[in-house]
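Okay, so here's the structure we're looking at.
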Amino acid sequence: MNVLRCPFKSRQASLSCSCLNLTLRICRCLSVSEAATALRPFYFTVHPDLFGQHPKERSINEDSLKKLHQYIFALRKQENVPPTNLTFFAKNDADKDQGLSHIKVHLASTSIRDTVTTVLTSCQLPLDYINTISEVPTSSKTKVHHGPDFRDIFAGRKGGEAFYRKVEKLNLLSWIKTNSKISRKKSQESRDYSKDVKEITGRLKKMVGVRAIGWHTNWGPRRFTACLTSLEKVSENHPIVVKKFLFGRNVVFTDRNGVSLSGEVCLNHTDVPQVWLMRLSSVPAYDAVIERLPYMEQELSRLLCHIKIRRRERHHIVMAEEYEVLLNKILNTMRRNQDLVRRMFRSGDLSRLEMVVEGSSAPLTLTNLGQYLIPVSMPGSMIVDFIAKTQQQAEERLKDAISLKMIEDEVIQQCQDKLGLIHLEKDLNISPAQMTQCCERLMDNADEITTYMEGVRVRVTQYYSVTDDGLVCIPWNWEND
Numbered sequence: 026m027n028v029l030r031c032p033f034k035s036r037q038a039s040l041s042c043s044c045l046n047l048t049l050r051i052c053r054c055l056s057v058s059e060a061a062t063a064l065r066p067f068y069f070t071v072h073p074d075l076f077g078q079h080p081k082e083r084s085i086n087e088d089s090l091k092k093l094h095q096y097i098f099a100l101r102k103q104e105n106v107p108p109t110n111l112t113f114f115a116k117n118d119a120d121k122d123q124g125l126s127h128i129k130v131h132l133a134s135t136s137i138r139d140t141v142t143t144v145l146t147s148c149q150l151p152l153d154y155i156n157t158i159s160e161v162p163t164s165s166k167t168k169v170h171h172g173p174d175f176r177d178i179f180a181g182r183k184g185g186e187a188f189y190r191k192v193e194k195l196n197l198l199s200w201i202k203t204n205s206k207i208s209r210k211k212s213q214e215s216r217d218y219s220k221d222v223k224e225i226t227g228r229l230k231k232m233v234g235v236r237a238i239g240w241h242t243n244w245g246p247r248r249f250t251a252c253l254t255s256l257e258k259v260s261e262n263h264p265i266v267v268k269k270f271l272f273g274r275n276v277v278f279t280d281r282n283g284v285s286l287s288g289e290v291c292l293n294h295t296d297v298p299q300v301w302l303m304r305l306s307s308v309p310a311y312d313a314v315i316e317r318l319p320y321m322e323q324e325l326s327r328l329l330c331h332i333k334i335r336r337r338e339r340h341h342i343v344m345a346e347e348y349e350v351l352l353n354k355i356l357n358t359m360r361r362n363q364d365l366v367r368r369m370f371r372s373g374d375l376s377r378l379e380m381v382v383e384g385s386s387a388p389l390t391l392t393n394l395g396q397y398l399i400p401v402s403m404p405g406s407m408i409v410d411f412i413a414k415t416q417q418q419a420e421e422r423l424k425d426a427i428s429l430k431m432i433e434d435e436v437i438q439q440c441q442d443k444l445g446l447i448h449l450e451k452d453l454n455i456s457p458a459q460m461t462q463c464c465e466r467l468m469d470n471a472d473e474i475t476t477y478m479e480g481v482r483v484r485v486t487q488y489y490s491v492t493d494d495g496l497v498c499i500p501w502n503w504e505n506d
């Protein structure tokens, strides 16, 4: 067996795993999220994205990583797992292609900790993080810290204790007991309307040729059905006009009128149909804007040493003309700072990094997923300086996000199956590490909560809520009784 001398060993040994903040201890000595953290150096070495020029080895690594995850998840479910042999390839040098090393890993342990240790030691990788985790299992009822206690905050103030008593501290079990019936009732009402939505949408597709119709507001399905009915009446009264401007397009009912960044025709659900009809005439004018946007993004990438420009997954609809204005502002800013860019980034290559253009009120920040959020109001010198100082940190977070995402998807599916959920999703501001922790804790408490959560849709976020269509929202760091 060839033993890999990992090119990342010296660097990874010094990496701090605290950035992932995976400190939760649940019924095992090593949770799946902690296993993901411990395997970071290994992912950085064998990840398929590193083998674009080696398709055969890339395919083998993808298959072996999938088998490794299945092995770990089977141990997590306390299943009997037969011994497994895995094969990986890794580059001998991080910067130069000097051939590939062939790694064989034999898995036969019934412990997640021992399995991770076997993988790391097979590749001569450090065990620093593994050694920091206690081998004594702690209770699955471990309380998650949510910040300072209200008693501490209001201590010494008049009426502070009385204020504390008024604060309702929610826990998942008691909350879901109260709200599961509400969720199911609203879900049933939503399903009743969904039949009407499907029928009206089908008629509109035939009548005016729309590609798809969506809904992006906080209002419930009853409002969506009313908007569809109004659009159908307008289409019946003005079929030629509506077909001219909506044929082959996606329509979204939202809080604004116009065309979105992705080319969707947006209709304000609070407007009367006559206003929609007048707004439709301006839709073709946005086609040129949408065609210009990719070229503007390419130019911005060039001005910043080929950094990747990403469009952030939306929390709300972003309009095409607004995004064009933002791009124009930051393009002008970076053009004035090209001398500084050349001095700060002598290699001239930031293609491994990702950047998102944000509005003027957004903060200049590096997200947990490794993406730069760049407000257009920020001076170019501050943007360049910030990227230069955090470049290495950004690369590490991007790699972390890739490795954790591979595990997050499997944890979500496993949790959905165990609790009998119809659907399980998360808000965009919930990191893969937080989602993985949440799902593991849900599975550990399945005996108590399955009765109330079976057959519902769940979104992991920062708060408790039941939406108009019956979607149950729970905080990722929910508390036990």
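Residue numbers (this note's numbering): 26 to 506. Note that CB positions come from ideal geometry on N, CA and C, so glycine has one too.
Residue span of the beta strand (DSSP E) that contains residue i, given as start and end
i: proline 73; result: Proline 73 -> no beta strand (DSSP E), and no H or E assigned at all.
Neighbourhood of residue i by C-beta distance below 8 Å, restricted to the same chain and skipping five residues each side
i: threonine 143; result: Val130, His131, Leu132, Ser134
i: arginine 248; result: Thr242, His294
i: phenylalanine 270; result: Val290, Leu305, Ser306, Val308, Pro309
i: arginine 361; result: Gly405
i: arginine 236; result: Lys230, Gly273, Arg274, Asn275
i: glycine 239; result: Asn275, Val276, Val277, Phe278, Glu289
i: phenylalanine 114; result: Val71, Phe76, His79, Glu82, Ile85, Asn86, Leu125, Ser126, His127, Ile128
i: glutamate 383; result: Arg337, Leu351, Leu398, Ile399, Pro400, Val401
i: arginine 281; result: Cys291, Asn293, Ile342, Met344
Residues of its chain near residue i, where Cβ-Cβ distance is below 7 Å and the 5 sequence neighbours each way are ignored
i: glutamate 435; result: His94, Phe98
i: lysine 268; result: Val233, Gly234
i: tyrosine 477; result: Ile201, Lys202, Ser205
i: leucine 75; result: Lys116
i: lysine 166; result: A caution first: lysine 166 carries a pLDDT of 41, below 50, which makes its placement in the model unreliable, though a value can still be read off. Counting only Cβ-Cβ distances below 7 Å, and skipping sequence neighbours, we find Asn505.
i: threonine 254; result: Ile225
i: threonine 250; result: Tyr218, Asp221, Val222
i: histidine 331; result: Asp374, Leu375, Ser376
i: aspartate 312; result: none
Pick from the options that is closest to residue i, judged by C-alpha positions
i: serine 136; options: Thr475, Pro151, Asn105, Leu449; result: Asn105
i: valine 141; options: Trp501, Gln459, Ile158; result: Ile158
i: asparagine 156; options: Val491, Leu198, Thr62, Leu75; result: Thr62
i: leucine 145; options: Ser406, Thr70, Lys102, Ser208; result: Thr70
i: leucine 375; options: Met403, Gly384, Pro388, Arg327; result: Arg327
i: valine 284; options: Glu349, Thr475, Glu383; result: Glu349
i: arginine 317; options: Glu383, Val491, Glu346; result: Glu346
i: leucine 467; options: Gln459, Lys210, Leu444; result: Leu444
i: glutamine 299; options: His263, Gly384, Ser147; result: His263
i: glutamate 450; options: Asp442, Gln459, Ile437; result: Ile437
i: aspartate 472; options: Leu198, Gly124, Glu87, Asp88; result: Leu198
i: serine 287; options: Val297, Asp296, Arg335; result: Arg335
i: glutamate 257; options: Arg281, Gly227, Asn282; result: Gly227
i: valine 297; options: Cys252, Glu322, Pro319; result: Cys252
i: aspartate 469; options: Thr392, Lys102, Glu82, Lys211; result: Lys102
i: lysine 354; options: Asp364, Gln363, Ile342, Leu325; result: Leu325
i: serine 56; options: Asp88, Gln418, Thr461, Leu356; result: Thr461
i: isoleucine 455; options: Thr486, Val266, Arg65; result: Thr486
Residue(s) in a DSSP beta bridge with residue i
i: leucine 113; result: Checking the displayed sequence, the identity of residue 113 turns out to be phenylalanine instead of leucine. In the DSSP output, where bridge partners are listed per residue, phenylalanine 113 has Ile128.
i: threonine 486; result: Pro500
i: valine 491; result: Val497
Opening and closing residue of the alpha helix (DSSP H) in which residue i lies
i: isoleucine 158; result: Premise fails: isoleucine 158 is in no alpha helix (DSSP H) and is neither H nor E.
i: alanine 471; result: 471-478
i: glutamate 104; result: Element bounds for glutamate 104: n/a, residue is neither H nor E.
i: asparagine 204; result: 197-233
i: serine 307; result: Segment: none, serine 307 is in no alpha helix (DSSP H) and carries neither H nor E.
i: serine 56; result: No alpha helix (DSSP H) contains serine 56, which DSSP labels as neither H nor E.
6 Å CB neighbourhood of residue i in its chain, flanking five on each side removed
i: aspartate 493; result: Gly245
i: lysine 333; result: Glu379
i: arginine 377; result: Glu420
i: proline 457; result: Leu429, Lys430, Glu433
i: serine 402; result: Ser385
Closer than 8 Å to chain B by CB, residue i
i: histidine 72; result: Going by chain labels, chain B is absent from the structure shown, which holds only one protein chain.
Residue i beta carbon near the ligand SAM (any heavy atom closer than 7 Å)
i: valine 308; result: This structure simply doesn't include the ligand SAM, nor any ligand for that matter.
Checklist line | Complete beta strand (DSSP E) runs within the region 235-298 (minimum length 3 residues, chain order) | finding: 237-240, 275-279, 290-293
Check: In chain order, which alpha helix (DSSP H) runs of at least 4 residues are fully inside the region 121-150?
Finding: 137-147
Checklist line | beta strand (DSSP E) runs contained entirely in the region 393-466, provided each spans 3 or more residues | finding: 396-400, 448-451
Checklist line | In chain order, each alpha helix (DSSP H) run of at least 4 residues that lies wholly inside the region 325-399 | finding: 345-360, 363-369
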